[in-house]
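See below for the structure under consideration.
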Amino acid sequence: NAERSFPTVTAMTGVIEHELNQFMTENSVTMLSQPLNDVESFGGMVAAATHGSTWSAPTYSGYVVEMRLMDSAGRLRRFTKERHPDIMRAAMCNLGMFGIMYDITIQVYPTFKARVTNQFVPMELIYNTTLLRETVTSNFLTEVTWYPFNSVTEEEAVQYEQDGTIPPAWNARRDFLWLRFVSGLCIATINKASDAEVEGVTMAGPGYLPTNGSLSGGSAKGLLRGKGALDLVRSVPSPSYHYLVNAFPVILPPRWGTETSAAFMLNIDNSFNRAAEALQSRASNPSLTAAPHSTLFCPASSATATVCLCPGNDNIKMAGRLWDVLSSLTSSLLPHKYGFYPAAREFVEHFRNQKVRPHWGKRHDNIPGIIDIIHDFYGDLIPEFSRMRSKARVDPCDMFMNSYLLKIFGRSRDC
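Each residue of the sequence shown is one higher than the one before, starting from 3 at the first, in the working numbering.
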């Protein structure tokens, strides 16, 4: 394309992630973000600005430079960042409201070899905000995963199997965090695997967990799932070497919905206090972990600040908060398995006055007040999105809206 000085990849929206990653690896190109779900569709991840983010790089939406879609009149439409910059501000994260996406073009970069390392550290890390910030920001990607109750002893496990109660001596500070580091090319710095490191080493493929990608603790039940999960991830080889798009841990969601999640974002302040508080709020409340679920904290960037509905939009400011280059970063907490919605509601209530908002990839309309929370966070960006959608004339009569989206954006006035 004569308009662009960089390489691109165009894929149909129904292509699933592992197919796209395989194509990029075979053609020596990469994204600078974190692919996550094996069977997520390319179009779905773009539409919801979901997954695919690292400390210095955007979600999938941030790479989009062009898309073709079928509008409500059955016309094939084409939008590009060069010719339709304002419309693309909305279309790059459109939640399906722009029509049926046909194909998407993203910017890519030359690939390289990355090193992946696993470490297991005490939960005390999240109570030392300086150490937490240094740990997260010093790598291309740092995933911090907590499986509650992973420090349960054999004696406590036997007692739990007998009476089903939380061990009285258990405390979250006893547990361990799983840190997974990916060292590679950051936007500002280069920290990739050296030639000497990878000499004679076969590059590994995608990194599935031993449970074939599931987040569960294997066959363990109840709170013993935490211990089972930690035992499983301890068996993952470390270090390992991959081409970048294969370096990230891959989740293969169960087909029948036996595990699910809720996800919320918070902008991170300079001191990392809110990132630590997000984890501490879970660790300090045993009632929320009585039906175990893992909590995954993903540092994510909003280099997609030009996108109206990007979760980390850096147009969002809070009075009394100091922001630096981290202002556009968000954190996600994903409680998994049984009873996760009570935990999700508790998290929302805890951070209600701190610009918490739901991840667009999830529908959280069973959480009281969630529409008001969304309106409060995005403010003028919601009517701006609606104006760009109206300008594009892709769906004047709201054919592509559902009840949840209508509550957030209202009905179109163009029909």
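For every residue, glycine included, the Cβ atom is placed at its ideal position computed from N, Cα and C.
One or two residues paired with residue i in a DSSP bridge
i      : result
Met69  : Phe81, Ile106
Ser185 : Arg117
Pro124 : Phe178
Ala231 : Per DSSP, none; premise fails for Ala231.
Leu225 : None; Leu225 has no bridge partner.
Val31  : Pro112
Tyr2   : What is shown of the chain runs 3 to 417, which leaves residue 2 out entirely.
Ser43  : Ile18
Thr12  : Thr107
Thr56  : Ala59
Leu143 : Val184
Nearest-angstrom Cβ-Cβ length linking residue i and residue j, presumed shorter than 8 Å
i      : j      : result
Ala222 : Gly230 : 3 Å
Gln2   : Leu268 : The question about residue 2 has no answer here: the residues shown for the chain are numbered 3 through 417.
Val350 : Phe266 : 7 Å
Thr144 : Ala278 : 14 Å between Cβ atoms; not a contact.
Gln109 : Phe25  : Their Cβ separation, rounded to whole angstroms, is 15 Å, which puts Gln109 and Phe25 out of contact at 8 Å.
Ile128 : Leu281 : 4 Å
Thr56  : Phe142 : 6 Å
Glu158 : Trp172 : 7 Å
Ala285 : Met125 : 6 Å
Asn248 : Asn23  : 6 Å
Trp362 : Ala50  : 4 Å
Tyr111 : Val31  : 7 Å
Proximity below 8 Å, CB of residue i to CB of residue j
i      : j      : result
Arg420 : Ile376 : With the chain covering 3 to 417 only, the question about residue 420 has no answer from this structure.
Met103 : Thr15  : yes
Thr12  : Thr113 : no
Arg79  : Val309 : no
Ser240 : Ala206 : no
Ile369 : Ile410 : no
Ala196 : Ala116 : The identity of residue 196 in the sequence shown is Ser, whereas the question assumes Ala. No.
Val48  : Ile18  : no
Gly202 : Tyr162 : no
Phe387 : Leu311 : yes
Arg135 : Phe274 : yes
Cys399 : Ser43  : no
His366 : Ser283 : no
Asp374 : Ser392 : no
Arg70  : Asp105 : yes
Thr61  : Tyr245 : no
Cutoff 8 Å: residue i Cβ touching any chain D Cβ
i      : result
Arg391 : In summary, chain D is missing from the structure at hand, where a single protein chain is found.
Would you call the segment 134–152 and the segment 170–184 in contact, with 3 or more CB pairs under 8 Å?
yes
Are three or more beta carbon pairs between the segment 55–72 and the segment 16–36 nearer than 8 Å?
yes
The segment 86–99 contacting the segment 403–411, beta-carbon criterion three pairs below 8 Å:
yes
Under 8 Å, with one C-beta from each stretch per pair, do the segment 120–140 and the segment 82–90 reach the 3-pair mark?
no
Mind pulling the alpha helix (DSSP H) runs of 4 or more residues that sit fully within the segment 339–388?
342–352, 372–380
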